[in-house]
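The sequence shown begins at 1 in full-length UniProt numbering and counts up by one.
What follows is a set of notes on a single structure, which appears directly below.
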Amino acid sequence: IVLDRSAFYAEAGGQIADVGTLTGSGLEFEFMVEDCQRYAGFVLHEGYVSSGTLSLGAEVKVTVDFGRRAPIAMNHTATHVMNHGLREVLGDDCNQKGSLVNDDKFRFDFSFARPPTVEEMAKVEALSREQIQQSLPVFVKECALDDARSINSLRAVFGEAYPDPVRVVSVGADIEKMIADPDNAEWMKYSVEFCGGTHLASTAEAVDFVIVSEGGIAQGVRRITGATGAKAAALHARAKEVGEKASAAQALSGDALKKELTALKQVAEEEELPLSFRNGPFAEVMKALGAKVLAAGKGDAKAAAARVQAEAESLVVAESAPFVAHLLEAEADAKALDLAVAALSKAHSTKPVLVVGVSPKATAVLAVAPKGHAMNAKEWVAAALEPAGGKGGGKPDRGQGSSKDASKGAETLSAAVAFATGVVSGGSASEPQD
């Protein structure tokens with residue numbers, strides 16, 4: 001349906017469309033709007049007639065589902081706040097490449113030459129939460145394109161064509177004051193972007209903010225996913241609860257420790273958690289717990305095998321990770337590698353698995369791939385051992401190899417991850433958690 005004017009937001013700029021209803025002025029019909037798109041200068045309301053009969057020229061009452069639009073606006077304003085935080089932490093070499101904003105979460109793509117560190121991503125999240133807690137006002141104004149471009153803190157998508165006049169959204173600073181004094185260093189404290197989407201009146205309405213994941217999707221392009229509102233608050237609360245359980249587990253030993261470690265690992269693999277928690281304090285405690293289990297098994301060959309198996313079983317692998325690649329912290333011979341691969345393959349039977357083990361005289365690699373998978377285990381091992389000058393052999397479903405250079409464990413793992421990323425994503429980057 002095409003109207004002479006509409007309050008519905010048509011999908012654009014990464015934000016999904018509004019939904020709602022169109023009803024006849026005399027209630028003679030009801031049309032359920034399920035999507036809204038722009039085409040050839042028209043706004044198209046797509047959906048179905050739930051009752052009555054439509055007629056050309058009929059007057060309609062437009063009812064937008066503002067209950068759904070509200071969380072979309074929360075997530076959209078949050079991407080602006082986070083974009084500002086990314087520049088604060090990563091610098092001007094970080095630029096937006098695209099986004100998707102809906103009522104459940106946000107997705108934000110940006111260009112950057114390297115993976116941000118755990119500390120950097122935690123800082124971006126902290127800065128974003130801080131701006132939400134500050135209850136910053138959100139300003140929206142249509143401005144002459146040249147005037148808007150003159151603002152020193154403006155962020156825009158490279159290569160995007162913008163209209164003149166252009167709609168400007170500022171979080172925390174009055175746009176008219178910015179245009180009047182565009183070079184003022186004060187403006188660098190605030191987010192300013194060209195945007196036609198729906199936004200909050202104040203950052204406080206976002207309630208809370210969380211980054212759930214971050215990873216590469218193409219050469220030099222990375223993706224962040226996150227959420228706001230009650231979902232973000234719930235994830236932070238869950239992180240606190242899981243963190244307390246992990247800390248308490250440090251007082252355990254023996255089978256009780258192993259049981260709790262297994263339970264914590266399951267939580268990490270099956271639940272969404274804040275990235276700052278998952279890769280930060282939680283990862284540190286899990287590593288300590290794994291080390292404690294390993295230390296308890298020292299002594300003889302049987303104990304050494306137990307250490308390797310415990311390390312493999314304590315490894316946290318995100319459910320979405322397309323493969324598993326891990327460098328054993330424990331000293332590992334061929335038998336230890338076999339145990340580690342067997343444990344990881346049992347836990348992740350549908351994923352290719354590669355383990356790197358380092359002994360005093362060698363770096364060894366063992367890999368397996370599920371039958372019919374695109375991954376060739378023999379080629380994976382060969383690629384992994386290239387930095388160490390090693391050689392490999394085997395079959396498509398199982399490969400092994402080694403190098404006499406015992407100092408190349410980390411480089412071997414990096415080569416394995418790079419090769420697997422190309423296989424599972426057709427050349428785009430994807431980083432499994434290990």
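Backbone N, C-alpha and C fix where the C-beta goes; we use that ideal spot for every residue, glycine too.
Who are Glu331's beta bridge partners in DSSP?
Answer by DSSP bridge pairing: none, since Glu331 is not bridged.
For the beta strand (DSSP E) holding Ser402, just list the boundary residues, first then last.
From DSSP, the beta strand (DSSP E) with Ser402 extends over 398-403.
What's the C-alpha gap between Val2 and Phe42?
7 Å
Beta-carbon within less than 8 Å of Leu235's beta-carbon, same chain only, minus the 5 sequence neighbours each way: which residues are those?
Within the same chain, Leu235 has close Cβ partners Val210, Val212, Ala227, Glu272, Leu273, Pro274.
According to DSSP, residues forming a beta bridge with Val316
In the DSSP output, where bridge partners are listed per residue, Val316 has none listed.
Label Glu160 either buried or exposed according to how many other C-beta atoms from any shown protein chain fall within 10 Å of its C-beta, with 16 as the threshold for buried.
Classification of Glu160: exposed, given that the 10 Å Cβ count is below 16.
Distance, Cα to Cα, Ser204 vs Leu252?
The sequence shown places Ala at residue 204, not Ser. C-alpha separation (whole angstroms): 42 Å.
In three-state terms, what does DSSP make of Gln131?
If DSSP states are grouped into helix, strand and coil, Gln131 belongs with the helices.
Given a cut-off of 8 Å, decide if Gly13 and Glu34 are closer than it, judged by their beta-carbon atoms.
no
Between Tyr39 and Thr198, how many whole angstroms is the CB-CB distance? I'm expecting something under 8 Å.
Tyr39 to Thr198, Cβ: 20 Å. No contact.
Could you check what DSSP says for Gly57 in three-state terms: helix, strand or coil?
coil
I'd like to check one pair, Ser202 with Ser135: are the Cβ atoms closer than 8 Å?
A contact, by the Cβ cut-off of 8 Å.
What's the C-alpha gap between residue 436 and Arg69?
Not covered by the structure: residue 436. The range shown for the chain is 1 to 434.
Does DSSP classify Gly47 as helix, strand or coil?
Strand, per DSSP.
With a threshold of 8 Å, are at least 3 pairs of Cβ atoms found where one atom belongs to the region 133-151 and the other to the region 173-185?
Short answer: they touch.
Can you look up Phe108 in the DSSP assignment and give me helix, strand or coil?
When DSSP states are grouped into helix, strand and coil, Phe108 belongs to the strand group.
What number of angstroms, rounded off, separates the C-alpha of Arg398 from the C-alpha of Asp104?
41 Å
Along the chain, where does the beta strand (DSSP E) containing Leu100 start, and where does it finish?
95-101
At a threshold of 7 Å, does Ser202 count as lining the ligand ATP (C-beta to nearest heavy atom)?
The model depicted lacks the ligand ATP and carries no ligand whatsoever.
Taking Cβ positions, are Ala416 and Ala383 nearer each other than 8 Å?
yes
Could you say if the region 182-200 and the region 59-68 meet the contact criterion of at least three C-beta pairs nearer than 8 Å?
no
Can you tell which of Arg223, Val316, Ala233, Val308 has the C-alpha that lies nearest to the C-alpha of Ala263?
Val316
Let me check understanding here. Comparing Cα to Cα, which of Ser25, Val207, Glu11 lies closest to Gly196?
The option with the nearest alpha carbon to Gly196 is Glu11.
Ignoring anything shorter than 4 residues, give me the alpha helix (DSSP H) runs that lie fully in the region 328-393, in order along the chain.
With a minimum length of 4 residues, the continuous alpha helix (DSSP H) runs that stay inside the region 328-393 are 334-347, 377-385.
Hey, quick one: how far does the alpha helix (DSSP H) through Ile72 stretch, first residue to last?
66-90
Ordered along the chain, which non-local residues of its own chain (more than five positions away) have a Cβ less than 6 Å from that of Val118?
Asn279, Gly280
Simplified DSSP state of Gly427, which is helix, strand or coil:
Confidence in Gly427 is poor, its pLDDT being 48 and thus under 50, which makes the residue's placement unreliable; the coordinate value appears in the next sentence. Three-state DSSP puts Gly427 in coil, outside helix and strand.
Would you call Asp300 buried or exposed, if buried means 16 or more other Cβ atoms sit within 10 Å of its Cβ?
With a pLDDT of only 49 at Asp300, under 50, the local geometry of the prediction cannot be trusted, and the value read off the model is given with reservation. Exposed: under 16 other Cβ atoms inside 10 Å.
DSSP-derived helix/strand/coil call for Asp147
helix
How far does the alpha helix (DSSP H) with Gly229 in it reach, from first residue to last?
229-249
Nonlocal neighbours in the same chain, by C-beta distance under 6 Å from Val267, ignoring five residues either side
Counting only Cβ-Cβ distances below 6 Å, and skipping sequence neighbours, we find Val242.
Presumed contact (8 Å Cβ cut-off) between Ser359 and Asp333, rounded CB distance
Confirmed, about 6 Å.
Taking its Cβ as the centre, do 16 or more other Cβ atoms sit within 10 Å of Ser128, making it buried, or is it exposed?
buried
Nearest candidate by alpha-carbon position, reference Gly98, set Leu413, Gln15, Pro322, Ala318:
Gln15
Gln219 (DSSP reduced to helix, strand or coil):
In the structure shown, Gln219 sits in coil (DSSP, three-state: anything other than H, G, I, E or B).
Check this for me: beta carbons of Leu257 and Leu289, under 8 Å apart or not?
yes
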